[in-house]
Every structure is written in C-alpha cells, then in structure tokens.
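Asker: Shown below is the structure under consideration.
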Amino acid sequence: MAAGHVAASPGTVARDGAVAGAAGRTSGGLLIAGAVVLVLGVVVVSAMVGPAHLDVQGVVRALVDRLPLVRVDQTLDAGQASILWQIRLPRIALAVIVGAALSGAGAAYQGAFRNPLADPYLLGAAAGAALGAAVVIAYGAGLRDVAGTTAVPFAAFAGAMGGVVMTWTLGRSVGGRSAGTLILAGVAVASFLTSLSTYVMQRNVETIREVYSFILGRLATHGWDEVQLILPYVVPSLVVVLLHARLLDVMSVGDAEASSLGVRPGRVRGVVVAAATLATAAAVAVSGLIGFIGIIVPHLVRLLVGPSHRLVLPLTMLGGAAFLTAADVVARTLDSPAEIPIGVVTAFFGAPFFVMVLRASRRSLS
Amino acid sequence: MRAARRRAGVEPAARATTIEARLVDVTLGGNPVLRGVDLWVGAGEWVALVGPNGSGKTTLLRALLGEVEATGWLRCGGIDPASPDRRRIARTVALVPQHPVIPPGMTVQDYVLLGRTPHLGFLVTEGARDHEVVGDTLARLDLDGFGHREVATLSGGERQRATLARALAQEPSVLLLDEPTSALDVGHQQQVLELVDSLRREHGLTVLSAMHDLTLASQYAVRLVLLSRGQAVAAGTAREVLTVDALAQHYGARVRVLHDECDGVVVVPVRDHQLPERP
C-alpha cells in the first residue's frame, strides 16, 4: 500500500526491504498525526457550537492555556469559560473517549475473531448492559443515588461484563476457545438476557421510556463525573489492545498457522477480547448503546489504509473519537433544544457515508 | 532388510537425527488417527510421507508441531513438540500448510514478515535485520517485484511461493511441507520442489513433506514413509516402498511402476481393460 516506488529503486533487495519498512513506518506516523489533527479540529468546532456561540479564537486560547508551560491571554468571559469547561468540554471529552472505546473495541473484536461483522456488543455486552440498566431503572428506586450519582452506569457495567463472562464460560464449556463457538454462545446469551430485560420492561411500563433512552444511547454529562468514571477503565484497555496490534496481524492467518508461527491464538484472543470488553462495558455504562460505530469506523479505516492492525487500531480509535464528537454536535443542535439520540445520528449519517466510501474504494481497486 | 530395519526405527548411526517419532499415537475426537508410528529424519535429509487420503499424513505433521496431542516419543529439531515455548518451536520448525489462509488486503511483504514473528519479543517490532531476511527470501523465491502486491491477487504458484517464503523467513532448521504442490501445474511443481531441494543442499535444511504425487515424491525425497490407516507400513527408498502390490493394498490403486534411470520411480495409473463392461 505505502511506498510502492521503493521496490524499483536501485540497491540490493535486502536494502529495499529495509527501506520499505522504514517508509511504511513514516507514512503510518503521518497518517496518525493527521488523525490527531482531525480530532483536535472536531473538538474545537464542537466546543464552539451550541445555544451560546463561542468564537474559535476564544476556544483555542482557552485550550492552549491548559497545556503545561504555556500561558496565553484569554478572550472568553467568565460565563463563556464556565460553559466551555463545565458543559461543552466534559461532553466532548466523553464523546472522544466513548468513540475511541467503541470503535477500537470493534476493531479488536474483528481482528481477534477474524470476523468483519464482529462488533463490541457481539458477546452479550449490549444485552447485559440493557438488562442491568432496565433492572435498576425499574426496581432500584432506592439504589438510584449511590455515591452522589445514579446507579445506572454501575448496573450497566456489571451487566455488560456479566453477559460477556456468561458467553465466555458457555463457549468454553461447549467447545474450547474457537471463534465460531464463542460467537454462537454470544448469540444465545444475548437472546436470553434480552428476553429478561423485555420482561422487566413489560412489567414496569412506566419506566420503558427511560430504558429506551438508555438503549438508544445518549451522551449526557454532569460536569466531569462520567469522564472520571470511565477513564481508568478505557485507557488501560485501549493500551492493551494497541500493544497486541502486531499479534493480531499474525492472527489474520488463522489459529493453526498463527500457532505454527509461535503465537498462542487462544491466549491472544482472550486478552484482546477481555480488554475490548472492559472498554465497551465502561463506554456503555455512561453512554448507553451507541450502535454502528464499532463496525463502521474500523471498516472505513481498513478501506483507506489496508488491514495492518498497527495502523488500523490507532486510526480507528482516533477516527471513532472524531466521528462520535461530530455526531454529537448534530445530535444536540439539529433539533435544539431537544436532543436526538446519538445512536440515531451515528446510523443515519454513518450508513450513507460508509456506502459512499465503499463504492469509491471499489472503483479505485478495480 | 534395510527397509525392515528402518521400520523398527533403527538408524544407521552416522547422521544426527532431526525428526524422531517412536510409537506415536494420536486420537482425534475419539478416533485413533495415528497408531504406533515410527519415523526418523536425519539432518539435511528429505523424507516424503506418502499414503492415501485420511492415512494421517497431515496429523503427523501437526503432531510434530505440537498442534495436536500425541503420546509416545516425539522430537522435532531437538525439541519436544509439547513444549510450552511456542516461539522456540517456531524458530526451529516451519510449516507450509496445504491450504494457507490468505488474509484479505495483506501485501506479500507484510505476509512474509509474519515469518519473523517467532524472532520478536512481545513489545518488539521488526528491525532492519528482519526486513533484510524478508528481502533476501523474496529474492530467493523470485518474488522481488511482488512485495507490494496483495497476496490475494497472486496466482496459485505465486501464492505457494509466498507461503514458502514466509516459512523460510522463520529461518527454520526443519521444514514441514503439507502437499506443497497440490495446487500447482507440473512446471510450477518442479520449480517449487527444486527450490526446496536447493535450500536443503545449501543450508542443510531438513525436509519432511506429505505428498500425493508419488512420482515427484520418489524424485525429490531421499526416503519415503508410507502411511496407511494411521500406521507406518513401509519405509525406505522409492523402489522399496512404491511397489505395485503396496499401492494396490494401501491405495486400492491399479498402477504400473516404472523405474527411471536415477533411482526414482514413475507411477502410472492404468485402467484394467480386462474387466467386463458394466451394463
């Protein structure tokens, strides 16, 4: 994909190979730097847009001032600064973290299962989270103020982890750690848990609206609480996934061949899936079920840069962060002051965009 | 007599043994797939495993890699395949599978680079030396211009060479080939086998290959081992192993066996014209 000209350059073949590797790393670094710039750009625009408009200079100055060792004069007044730091940026930060977590987890699942349709909710995380949220919303009136915040995130987190642990245990008990068995176990567990949460919702019709709002996904924040809540789970999980990028490339030749190359496929899959699940559960806990980005963003990135996980994983996380932040701008402004569920926005704009890229890339490939 | 001694696993003492299997049993899903198999391959030798479909050739190769559980005594490149150190095994033994999985979108360069996996620690990425090995291997297999092509777009022969290149990039001392030529036309079959043979001669590579084409097996392998229903039923030179009777008994095949001028045999399937025509 990168540095196609290198093979034609003079010099020994061995040197060509080394040059190709170095050139590949350089262009990879540029792509990642570009993606970081994209995320920063989306963050700035997102911070400007809202019921109270903040100008670009003020936003950039406020952000730059927070960098270590940098001091610049501020142009926002106290009220604007408070909107920026207490309302807009927490929500943007949450969008960035959740977007990176869900899309990165999707790419990790797809690599670990060698299945392009795997998404972060594949192994029962979504159904478990929905059940946890439904139970607390319906029965947990007394529980709903734990430690100054609602208990829904904790219940959703526990439900998501519980669903995946059930799937994993069931899969192991039926037929080892093969990808197909686990996915089928995930289907069974998800159906079972969904039937339970549907029952709970039917028995408590008055709470159905609140449960649905969770299921459709939303990025509501109370200051920095949610960000602080999930950051300690998401960041280490994504780091673990990134550290396995090279091994996920090896896994792409299948378990048997990966094993003959000195990799333990079951162990790699276990670690990667556990990390991706932790990130997913943390994201689901505060944002509900935001569909689609775990599938669409990794595929977009793969269409653009090829299959190497060393590029796909970081670019997917950055792309997911930018995509969800942009989607949130639409969700909170299009129907203002009402909000459109963000899951609706990601699917409504994401699907046609995805089809466009798919068509464009097929043309260029053929 | 020589064949009988080999069957018993007794080795003429001169050569170091690189692959050794004694009384190996493998059971898969409750079915015995290998039963009491003995095999040895000396350093730098090429031995071909022949035998009908389902006779256990692939299973024996997988057992030597530690991918299936086996009882009995097994050593491959001096390592017990049951060893938990998968990377050490992969630095010593490389397998070219019969039907390699071709990852979509991956370039030949990256595909062959996967062969360096056992030489890399967990957090280590490929360095100049790894790219050098890959470049040399690609050149050796006439794939220099293919580094940036996608593996999926290659022809069958080119893919076979790419997979062989990946195995060689592991810098193994033992090369296991599972039906290395089954997807190739006769010209490419010869090219691939000649290549393996020259690597064996130049670098002392030890080769064990499962093969369907008996004529090619007899031409390239120093010795043949005939597997039938999970047992090693004959071992020795091509002329000792590939007899009309043995092929009739174990393959259920009607063949004529011609001896060529240089120790090989040519196995020709024949139709039995004496049989009355079916109504």
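From first to last, the protein sequence lines are chains A and B.
The number in this note's numbering is simply the position in the first sequence, starting from 1, with 36 added.
The number in this note's numbering is simply the position in the second sequence, starting from 1, with 303 added.
Where is the CB? At the ideal position from N, CA and C, for every residue including glycine.
Remember, it's a predicted structure, so these values are computed and weren't measured experimentally.
Would you mind working out which of A:Asp101, A:Val393 and A:Gly94 sits nearest Gly115 of chain A, comparing C-alpha positions?
Answerer: A:Gly94
Asker: Going by CA-CA distance only, name the one from B:Ala455, B:Leu342 and B:Ala351 that's closest to Val404 of chain B.
Answerer: B:Ala455
Asker: If you measure between the beta carbons of Ile266 of chain A and Ile173 of chain A, is that distance less than 8 Å?
Answerer: Pairing Ile266 of chain A with Ile173 of chain A gives a Cβ-Cβ distance that is not under 8 Å.
Asker: Using 8 Å as the limit for Cβ to Cβ distance, is Leu527 of chain B near chain A?
Answerer: no
Asker: Taking Val583 of chain B as the query, report the chain A residues whose CB atoms sit under 7 Å from its CB, ordered along the chain.
Answerer: The structure shown does not extend to residue 583 of chain B, since chain B is modelled only from 304 through 582, so no value can be given for it.
Asker: Quick check for students: name the residue ranges of the alpha helix (DSSP H) that lie wholly in the segment 61 to 109 of chain A, counting only runs of 4 or more.
Answerer: 92 to 101
Asker: Please list the residues of the segment 78 to 112 of chain A that have a C-beta atom closer than 8 Å to any C-beta atom in chain B, keeping them in chain order.
Answerer: Those would be none; no residue qualifies.
Asker: Applying the criterion that 16 or more other CB atoms from any shown protein chain within 10 Å of the CB defines a buried residue, is Met202 of chain A buried or exposed?
Answerer: buried
Asker: Pick from A:Leu252, A:Ala226, A:Val263 and A:Gly207: whose alpha carbon is nearest that of Trp121 of chain A?
Answerer: A:Val263
Asker: Output needed in chain order: residues of the segment 360 to 372 of chain B with a Cβ under 7 Å from some Cβ in chain A.
Answerer: Leu368 and Glu370
Asker: Would you decide whether Glu242 of chain A is buried or exposed? Buried here means 16 or more other CB atoms lie within 10 Å of its CB.
Answerer: exposed
Asker: CB Leu363 of chain B to CB Leu337 of chain B, shorter than 8 Å?
Answerer: yes
Asker: Could you tell me which whole beta strand (DSSP E) segments of length 3 or greater appear in the segment 384 to 442 of chain B?
Answerer: With a minimum length of 3 residues, the continuous beta strand (DSSP E) runs that stay inside the segment 384 to 442 of chain B are 396 to 399.
Asker: Which residues mark the beginning and the end of the beta strand (DSSP E) in which Gln534 of chain B is found?
Answerer: Run containing Gln534 of chain B: Gln534 to Gly539, per the beta strand (DSSP E) assignment.
Asker: Spatial neighbours of Phe385 of chain A within its chain, please: C-beta separation below 6 Å, excluding the five flanking residues on both sides.
Answerer: Result list for Phe385 of chain A: empty, nothing under 6 Å.
Asker: In the DSSP assignment, find the alpha helix (DSSP H) that holds Arg338 of chain A and state where it starts and stops.
Answerer: Note, Arg338 of chain A: alpha helix (DSSP H), Ile329 to Val341.
Asker: Going by the CB atoms, is the gap between Ile128 of chain A and Thr361 of chain A shorter than 8 Å?
Answerer: yes
Asker: Does any CB atom of chain A fall closer than 8 Å to the CB of Thr428 of chain B?
Answerer: Taking Cβ atoms only, chain A reaches closer than 8 Å to Thr428 of chain B, which makes this a yes.
Asker: Please say whether Met84 of chain A and Leu90 of chain A have beta carbons closer to each other than 8 Å?
Answerer: yes
Asker: With a floor of 4 residues, list each alpha helix (DSSP H) that falls wholly inside the segment 465 to 522 of chain B, ordered by position along the chain.
Answerer: Qualifying alpha helix (DSSP H) stretches, in chain order: 489 to 506.
Asker: What does the alpha-carbon distance come out to for the pair Ser358 of chain B and Met514 of chain B?
Answerer: 12 Å
Asker: Short check: CB of Leu508 of chain B to CB of Val353 of chain B, under 8 Å?
Answerer: With contacts defined as CB atoms closer than 8 Å, Leu508 of chain B and Val353 of chain B fail to qualify as a contacting pair.
Asker: Just tell me which of B:Leu529, B:Val570, B:Thr440 and B:Gly424 has its CA closest to the CA of Leu467 of chain B.
Answerer: B:Thr440
Asker: In chain A, what lies closer than 8 Å to Leu417 of chain B by C-beta?
Answerer: Asp285, Val286, Val289 and Leu297
Asker: Find the residues of chain B that neighbour Arg305 of chain A, judging by a C-beta separation of less than 7 Å, and give them in chain order.
Answerer: Here the premise fails: no neighbours, minimum Cβ distance about 15 Å.
Asker: Going straight from the alpha carbon of Val19 of chain A to that of Ala88 of chain A, what length do you get?
Answerer: What is shown of chain A runs 37 to 402, which leaves residue 19 of chain A out entirely.
Asker: Chain A beta carbons: is any one of them nearer than 8 Å to that of Pro421 of chain B?
Answerer: yes
Asker: In or out: His504 of chain B buried (at least 16 other Cβ within 10 Å) or exposed?
Answerer: Looking at the sequence shown, residue 504 of chain B is not His but Arg. With fewer than 16 other Cβ atoms within 10 Å, it is exposed.
Asker: Can you give the beta carbon distance from Ala470 of chain B to Leu342 of chain B, rounded, assuming they're within the 8 Å contact cut?
Answerer: Actually they do not touch by this definition, with Cβ atoms about 20 Å apart.
Asker: Three-state secondary structure (DSSP) at Gln323 of chain B?
Answerer: Going by the sequence as given, residue 323 of chain B is Glu instead of Gln. DSSP places Glu323 of chain B in strand when its eight states are reduced to three.
Asker: Three or more C-beta pairs under 8 Å: does that hold for the segment 272 to 289 of chain A against the segment 343 to 355 of chain A?
Answerer: yes
Asker: Would you say Gly379 of chain A and Leu252 of chain A are within 8 Å of each other, going by their C-beta atoms?
Answerer: yes
Asker: 8 Å is my cut-off, CB to CB: does Leu398 of chain B come that close to chain A?
Answerer: It does; some Cβ of chain A falls within 8 Å.
Asker: What does the alpha-carbon distance come out to for the pair Gly184 of chain A and Tyr248 of chain A?
Answerer: Bear in mind that the predicted position of Gly184 of chain A carries a pLDDT of just 44, short of 50, making it unreliable; the figure below should be weighed with that in mind. The straight-line gap from Cα to Cα measures roughly 23 Å.
Asker: So is Asp382 of chain B in contact with chain A if we call contact Cβ pairs under 8 Å?
Answerer: Here residue 382 of chain B turns out to be Ile, not Asp, going by the sequence shown. Answer no: the Cβ-Cβ gap between Ile382 of chain B and chain A never drops below 8 Å.
Asker: Roughly how many whole angstroms lie between the Cα atoms of Val286 of chain A and Ser531 of chain B?
Answerer: 34 Å
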